[in-house]
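Residue numbers (this note's numbering), protein chains in the order written: chain A, 1 to 249; chain B, 1 to 249.
We put the beta carbon where it would ideally sit given N, CA and C, even for glycine.
Below is one structure; the comments refer to it alone.
Number of protein chains: 2
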Amino acid sequence: MREQRRLLIDPVRLGSDPLHQPFALSQGESHYLGRVLRLAAGDSFLVTDGCGQLWQACLERSAMARLEALLAREPVPRPRITLLSGLVRKDQEQLLRLGTELGCDGFQPLICDHSRRDRGNSRLERRQLICCEAAEQCERLWLPRLWPPRPSRQALDTAPSPGLRRFLCVARQQRPGLAAQLAALDPPAVETLQLALGPEGGWSRAELAFAAAAGWQFASLGPHVLRAVTGGLTALALAQQWRGGLLLG
Amino acid sequence: MREQRRLLIDPVRLGSDPLHQPFALSQGESHYLGRVLRLAAGDSFLVTDGCGQLWQACLERSAMARLEALLAREPVPRPRITLLSGLVRKDQEQLLRLGTELGCDGFQPLICDHSRRDRGNSRLERRQLICCEAAEQCERLWLPRLWPPRPSRQALDTAPSPGLRRFLCVARQQRPGLAAQLAALDPPAVETLQLALGPEGGWSRAELAFAAAAGWQFASLGPHVLRAVTGGLTALALAQQWRGGLLLG
Numbered sequence: 001m002r003e004q005r006r007l008l009i010d011p012v013r014l015g016s017d018p019l020h021q022p023f024a025l026s027q028g029e030s031h032y033l034g035r036v037l038r039l040a041a042g043d044s045f046l047v048t049d050g051c052g053q054l055w056q057a058c059l060e061r062s063a064m065a066r067l068e069a070l071l072a073r074e075p076v077p078r079p080r081i082t083l084l085s086g087l088v089r090k091d092q093e094q095l096l097r098l099g100t101e102l103g104c105d106g107f108q109p110l111i112c113d114h115s116r117r118d119r120g121n122s123r124l125e126r127r128q129l130i131c132c133e134a135a136e137q138c139e140r141l142w143l144p145r146l147w148p149p150r151p152s153r154q155a156l157d158t159a160p161s162p163g164l165r166r167f168l169c170v171a172r173q174q175r176p177g178l179a180a181q182l183a184a185l186d187p188p189a190v191e192t193l194q195l196a197l198g199p200e201g202g203w204s205r206a207e208l209a210f211a212a213a214a215g216w217q218f219a220s221l222g223p224h225v226l227r228a229v230t231g232g233l234t235a236l237a238l239a240q241q242w243r244g245g246l247l248l249g
Numbered sequence: 001m002r003e004q005r006r007l008l009i010d011p012v013r014l015g016s017d018p019l020h021q022p023f024a025l026s027q028g029e030s031h032y033l034g035r036v037l038r039l040a041a042g043d044s045f046l047v048t049d050g051c052g053q054l055w056q057a058c059l060e061r062s063a064m065a066r067l068e069a070l071l072a073r074e075p076v077p078r079p080r081i082t083l084l085s086g087l088v089r090k091d092q093e094q095l096l097r098l099g100t101e102l103g104c105d106g107f108q109p110l111i112c113d114h115s116r117r118d119r120g121n122s123r124l125e126r127r128q129l130i131c132c133e134a135a136e137q138c139e140r141l142w143l144p145r146l147w148p149p150r151p152s153r154q155a156l157d158t159a160p161s162p163g164l165r166r167f168l169c170v171a172r173q174q175r176p177g178l179a180a181q182l183a184a185l186d187p188p189a190v191e192t193l194q195l196a197l198g199p200e201g202g203w204s205r206a207e208l209a210f211a212a213a214a215g216w217q218f219a220s221l222g223p224h225v226l227r228a229v230t231g232g233l234t235a236l237a238l239a240q241q242w243r244g245g246l247l248l249g
């Protein structure tokens, strides 16, 4: 069965009681619905607010649309899965796109000792757009958060809390696999799962020492040396399956 | 610790008793060692044959090198992990690169009912090169095999055998997760694990019926609709962790 195409629209634009209220489409959205999908006035499409709600919507004349029925409301995914990953030069957008598909709830890019320079904040808007597009495409109802890049030590120095579990993935070290360590967690006790991945050049020794002192558990992603993007996606795939298994179980 | 850079060289070129025997470098390899890595005569680098062996090698004058010592010999990874995946238009190379890092032992591209047209065989050489580069980079000693594209029904119609386990991944159907189904396998009984993923447009109904009749087990990769590449990488990441967990256990 082929799903209808969906638009992700900021809840602020939909208003506090959005059902049956017309709302304005942006030029890009109008173009997409009218020219790309060839919808006409009266045709229906799907809208999500990225905050767990999915509606049937109806295209109206002159760049307006209306929400007609609430189709689904999803609770916030638990545990939250957050990826802290060293900035990579070329593949940052790919990591966001695939990571959104894989259920990541938050992306924290890290400025690491071995990170390449990055224009960072100036690209934030474009990167948010990539997360939106990926969420629309993979039919997520919750949009992941994307934070601006932070220095690695600042971001790794989270205060331990009872519901927080933190795994830092490393290569070329004999560490237990991430999948096995996830399987050993007591699920109801986990509120947030943080996964940290280094940049292309790997973690520096100083960063590893800092993370160990800050209480991060070290984990392996397998026998090969994964590039930063492959490592991030592997960690997310394992975490999503672990969380999904909890939902099924 | 930073590893030395390694070259993957076809075992045919190294000869049957390669230790201490000089062998000729291709123009590309000479350029890479001399101009990119700036090695001089007498400098050492690593060589793997993609068949499980790793050597220390020494650069000689005039585009020749010599193997100096066998550093490692790895048995064939077991179980074998093979990915059968619907051809995708843009991301085929990315799937090969990341899939090689994730330990895939064989790639069988499928010409599916919903596949886009593909120049297929004409690109085989370029795609083999991508697998080689990825194997060098991620420090694999076994090169994955890459078969030319085949029609999906031909490729899915493998004869059942005692050591063969086959999972066909599907979206939008209530099926048990792949991770859970892998965890339930009896490891010593598995010789080959085949994972099948559809193309961007998904499997056709006829393909799903064909696969079910041919004995494939259906598996889910999670709640979201993954693009073909994300799905392939997720399946491989789970399979590699499952196999790695076996090795550790």
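{"Check": "Residue closest to residue 231(B), alpha-carbon to alpha-carbon, out of 57(A), 67(A) and 103(A)", "Outcome": "103(A)"}
{"Check": "Integer Cβ distance of residue 237(B) from residue 238(A), believed to fall under 8 Å", "Outcome": "6 Å"}
{"Check": "Against chain B: residues of the segment 135–153 of chain A by CB proximity under 8 Å", "Outcome": "137, 138, 139 and 140"}
{"Check": "Buried or exposed (CB count within 10 angstroms, at least 16 for buried), residue 126(B)", "Outcome": "exposed"}
{"Check": "Backbone CA spacing between residue 216(A) and residue 234(A) [nearest angstrom]", "Outcome": "18 Å"}
{"Check": "Helix, strand or coil at residue 85(B) [DSSP, three-state]", "Outcome": "strand"}
{"Check": "Any 3 or more C-beta pairs closer than 8 Å across the segment 195–204 of chain B and the segment 203–217 of chain A", "Outcome": "no"}
{"Check": "Three-state class that DSSP yields for residue 158(B) in the structure shown", "Outcome": "coil"}
{"Check": "Assigned secondary structure, residue 14(B) (DSSP; H/G/I helix, E/B strand, else coil)", "Outcome": "helix"}
{"Check": "Local Cβ density within 10 Å of residue 73(A), reported as buried at 16 or more and exposed below that", "Outcome": "exposed"}
{"Check": "Closest by C-alpha distance to residue 148(B), when choosing among 158(B), 37(B) and 110(B)", "Outcome": "110(B)"}
{"Check": "Short-range partners of chain B found in the segment 94–121 of chain A, where Cβ spacing is below 7 Å", "Outcome": "98, 101, 102 and 103"}
{"Check": "Exposed unless 16 or more other CB atoms sit within 10 angstroms - verdict on residue 21(B)", "Outcome": "exposed"}
{"Check": "The segment 151–159 of chain A / the segment 127–136 of chain A touching (three or more Cβ pairs under 8 Å)", "Outcome": "no"}
{"Check": "Closest residue to residue 242(A) among 199(B), 226(B) and 179(B) (Cα-Cα distance)", "Outcome": "179(B)"}
{"Check": "Cβ pair residue 208(A), residue 228(A) closer than 8 Å", "Outcome": "no"}
{"Check": "Min CB distance residue 225(A) to chain B below 8 Å", "Outcome": "yes"}
{"Check": "Backbone CA spacing between residue 138(B) and residue 144(B) [nearest angstrom]", "Outcome": "12 Å"}
{"Check": "Cβ pair count under 8 Å reaching 3, the segment 32–45 of chain B against the segment 57–65 of chain B", "Outcome": "yes"}
{"Check": "Sheet register partners of residue 24(A) (DSSP bridge)", "Outcome": "64(A)"}
{"Check": "Contact check, residue 142(B) vs residue 77(B), beta carbons under 8 Å", "Outcome": "yes"}
{"Check": "Range of the contiguous alpha helix (DSSP H) that encloses residue 205(B)", "Outcome": "205–213"}
{"Check": "With 16 other Cβ atoms within 10 Å as the buried cut-off, status of residue 88(A)", "Outcome": "buried"}
{"Check": "Residue 220(B) (DSSP reduced to helix, strand or coil)", "Outcome": "strand"}
{"Check": "Contact set for residue 116(B): own chain, Cβ-Cβ below 6 Å, skip 5 residues either direction", "Outcome": "89"}
{"Check": "C-beta neighbour in chain B for residue 237(A), strict 8 Å", "Outcome": "yes"}
{"Check": "Pair within 8 Å by beta-carbon distance, residue 164(A) and residue 107(A)", "Outcome": "no"}
{"Check": "Residue range of the alpha helix (DSSP H) that includes residue 180(B)", "Outcome": "178–183"}
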